[in-house]
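Let me begin by presenting the structure, written as structure tokens, before commenting on it.
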């Protein structure tokens, strides 16, 4: 078949492969990996080698696809471009042939510190609230929030990042100029204006179940950690976690009430070894460079007797609240000898935990 | 000092040591371990060796203590007794000198399969509900629920076990005939009637902070697993978990909303490697003998296209819902060659996921 374009151009050849195949087509990936995209495409056009891609040859027109992309202000990224995310090398042969992208965010820069925040479409108010807060806290720390623009957790994640005026990337299972789901058209448009919208699916294409499944590997690979906020027993978000695991990337899950079916999937992940995260600081710790983000320690509310050693605590326990007790009584109550009790009383007095009165001792008021 | 009892009787000697010391008195434990309780006591009575226990010698009267115990229908257990829990050997030198016990349950039998279900006094309705359900489910499986009879999670755990007419043990930080907290007097009485109430503290004694701390090592050691249901940032239940960890026993934690301070402690445990548990079946798996209790698998709700291999799923995705499509259209949409599409259609037809109509194919209705 005669091609309508310069078949020697790698950019056009990769755009063509994106059109000829479905994501995760191992045969095509192997062929392109070993022959290079240009030579591999020449073989298909000359009808040499496997015939499985012939069905889509008649409609093949990467120049028109790039024109469509340009009309929506998008750009095509291929391996070797400065903006090509280095992280995608994790995917090996499963890396996409190219990425169709929109939005001002540089994908390579944005994915040096990124966390996927994903979860069920059928999320609860709790899940959406937590997703928003995690994403807000990550974005405020300059960590890119990667998600899939779906209803529920994904949408809350993008909104949280946008609310913090922080970086966010929506990875779609359809063409980059299409909005799916339709109810998130404005949200996706907003992400395209200030963040990035990206896909491996060529212009004009709709999402399919298979494209959703394979899209999840991109979400996982673009992020240093995948955080599942809510997921029912069988949720697409679990497939993203499973792709992250296959890439040896950390998986984190947000706990929820055990009585909430929307948290079943998260609890299963926790049982399977996922990291329990409860705050943006804990996510940041996993998404940043080693030691860059340390979660703030909650201040310990300190009780007066905190940090006493066992002996001092026993003497403190033995001190009456009001009527002072003498040394023999304290020795009996604490079960300690005179020398030990006297030494402990000295230490307790320094901390104002013990007070002398009328030759005896009682509890102090620090 | 002249003793009021037969100082050659190991039973009386151990009761005496329980009265002379506070729990976790390492010096006393070492002395008893190396000299035996009788000889060690003789040394103290003869004022040889350390003087720290002299203060309590004047009131020492183990026969009277045993009479008090008898009056409440209790019994003294010492190592070597058939009912002495073999698990306490885990504590090594930190094992109690003796146990003051009430209730029909044999401690040795009851602790061959036991789970500690513990948590915050200031529990939420969620926490109490989960504690009750876990304890009910454990007790119904014949697993003994061990707890501390405190308000909140502990009380809910005992009540759950009692509700299932199952075994439960309350480990107290005060004398076995005393009820602490007072508001749980009836609950503790009920546990003493059908289960077991046990302590290392001699009759007539009140709880102290120190006794609570050391009581937790008994809860941990008597149980094959320690389950923390709810615990705030600083909760006594975390000390029970920490004792279990020191004994190399598994720690489990119940997740809750990350927005609930009552679950902070549980989430910290999960982050530190505790096992996430959400059901009695999962607790039973940890408390029973290996493989004895396997948690029931939740039934997977099956969608029609579940379990399809990638190729079949792509062809299924390509099938129109109503107007049938021909082979070339299916090849283009699925991005697969004719042979692959035809083979997939055959498999889909068998599962009624594809239907032939007017020379084309559409989605079936299984």
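Protein chains in written order, with our numbering: chain G, 703 to 1068; chain A, 703 to 1068. Glycine included, every Cβ here is placed at the ideal spot set by N, Cα and C.
Just list the residues that DSSP pairs residue i with in beta bridges.
i: residue 930 (chain A); result: A:820 and A:955
i: residue 1013 (chain A); result: DSSP lists no partner for residue 1013 (chain A).
i: residue 1063 (chain G); result: G:1027 and G:1058
i: residue 901 (chain A); result: A:802
i: residue 872 (chain G); result: G:849 and G:899
i: residue 978 (chain A); result: A:955
Could you check which residue in the options has the C-alpha nearest to that of residue i?
i: residue 1028 (chain A); options: A:1063, A:968, A:1053 and A:931; result: A:1063
i: residue 673 (chain A); options: A:803, A:811, A:858 and A:801; result: Look at the range of chain A in this structure, 703 to 1068, and you will see that residue 673 (chain A) is not part of it.
i: residue 888 (chain A); options: A:1010, A:1043, A:957 and A:864; result: A:864
i: residue 862 (chain A); options: A:817, A:1066, A:875 and A:882; result: A:817
i: residue 853 (chain A); options: A:1038, A:841, A:833 and A:846; result: A:833
i: residue 925 (chain A); options: A:717, A:774, A:1060 and A:791; result: A:791
i: residue 966 (chain A); options: A:1054, A:795, A:824 and A:721; result: A:824
i: residue 970 (chain G); options: G:930, G:949 and G:1032; result: G:930
i: residue 900 (chain A); options: A:849, A:911, A:990 and A:927; result: A:849
i: residue 952 (chain A); options: A:722, A:990, A:959 and A:915; result: A:990
i: residue 855 (chain A); options: A:870, A:821, A:877 and A:880; result: A:821
i: residue 911 (chain A); options: A:724, A:802 and A:709; result: A:724
i: residue 765 (chain A); options: A:757, A:753, A:778 and A:754; result: A:778
i: residue 741 (chain G); options: G:874, G:710 and G:775; result: G:710
i: residue 796 (chain G); options: G:735, G:933 and G:882; result: G:735
i: residue 945 (chain G); options: G:914, G:714 and G:898; result: G:914
i: residue 906 (chain A); options: A:873, A:767, A:752 and A:963; result: A:767
i: residue 935 (chain G); options: G:950, G:928 and G:961; result: G:961
i: residue 968 (chain A); options: A:769, A:881 and A:933; result: A:933
i: residue 1009 (chain G); options: G:1055, G:972, G:1039 and G:806; result: G:1055
i: residue 762 (chain A); options: A:783, A:830, A:811 and A:705; result: A:705
i: residue 984 (chain G); options: G:974, G:814, G:760 and G:819; result: G:819
i: residue 831 (chain G); options: G:722, G:956 and G:758; result: G:956
i: residue 879 (chain A); options: A:872, A:893 and A:774; result: A:774
i: residue 798 (chain A); options: A:805, A:980, A:716 and A:1067; result: A:716
i: residue 873 (chain G); options: G:884, G:867, G:866 and G:847; result: G:847
i: residue 1012 (chain A); options: A:886, A:1049, A:1031 and A:803; result: A:1049
i: residue 718 (chain G); options: G:780, G:752, G:885 and G:750; result: G:780
i: residue 732 (chain A); options: A:752, A:747 and A:721; result: A:752
i: residue 809 (chain G); options: G:793, G:789, G:826 and G:1014; result: G:789
i: residue 770 (chain A); options: A:802, A:760, A:748 and A:868; result: A:802
i: residue 1035 (chain A); options: G:1041, G:927, G:755 and G:1058; result: G:755
By the DSSP assignment, the beta strand (DSSP E) with residue i in it spans what residues?
i: residue 1104 (chain G); result: With chain G covering 703 to 1068 only, the question about residue 1104 (chain G) has no answer from this structure.
i: residue 1042 (chain G); result: That residue, residue 1042 (chain G), is in no beta strand (DSSP E); its alpha helix (DSSP H) goes 1040–1052.
Got a sec, what are the start and stop residues for the alpha helix (DSSP H) residue i sits in?
i: residue 771 (chain G); result: 764–773
i: residue 941 (chain G); result: 938–948
i: residue 878 (chain G); result: Here residue 878 (chain G) belongs to no alpha helix (DSSP H), and DSSP marks it neither H nor E.
i: residue 861 (chain G); result: 855–865
i: residue 919 (chain G); result: 911–923
i: residue 730 (chain A); result: 728–737
i: residue 990 (chain G); result: Careful: residue 990 (chain G) lies outside any alpha helix (DSSP H) and carries neither H nor E.
i: residue 751 (chain G); result: Taken as a continuous stretch (DSSP letters only), residue 751 (chain G) belongs to no alpha helix (DSSP H), as it is neither H nor E.
i: residue 886 (chain A); result: Where residue 886 (chain A) is concerned, there is no enclosing alpha helix (DSSP H), given that its DSSP letter is neither H nor E.
i: residue 970 (chain G); result: 966–973
Say the cut is 6 Å; is the CB of residue i nearer than that to a heavy atom of the ligand MG?
i: residue 955 (chain A); result: Among the components of this structure there are no ligands whatsoever, and the ligand MG is therefore not found.
Name the chain C residues that come within less than 7 Å of residue i, Cβ to Cβ?
i: residue 790 (chain G); result: No chain C is present in this structure, whose protein chains are G and A.
Sequence ranges, alpha helix (DSSP H) only - wholly within the region 776–845 of chain G, length at least 4: 809–812 and 827–842
Residues of the region 818–839 of chain G with Cβ closer than 7 Å to any Cβ of chain A, in chain order: 828 and 832
Positions along the region 896–922 of chain G whose CB lies within less than 7 Å of some CB in chain A: 910, 911 and 912
Short-range partners of chain A found in the region 757–774 of chain G, where Cβ spacing is below 9 Å: Those residues of the region 757–774 of chain G that come within reach of chain A (Cβ to Cβ, closer than 9 Å) are 757, 758, 760 and 761.
Residues, ordered as in the chain, of the region 1047–1066 of chain A that lie near chain G by beta-carbon distance below 9 Å: none
Short-range partners of chain G found in the region 869–887 of chain A, where Cβ spacing is below 9 Å: none
Chain A contacts from the region 715–731 of chain G (Cβ-Cβ distance under 8 Å): 722, 723, 724, 726 and 727
Members of the region 951–963 of chain G near chain A, C-beta cut-off 8 Å: 956, 957, 958, 959, 960 and 961
Short-range partners of chain A found in the region 1013–1024 of chain G, where Cβ spacing is below 9 Å: 1015, 1016, 1018, 1019 and 1020
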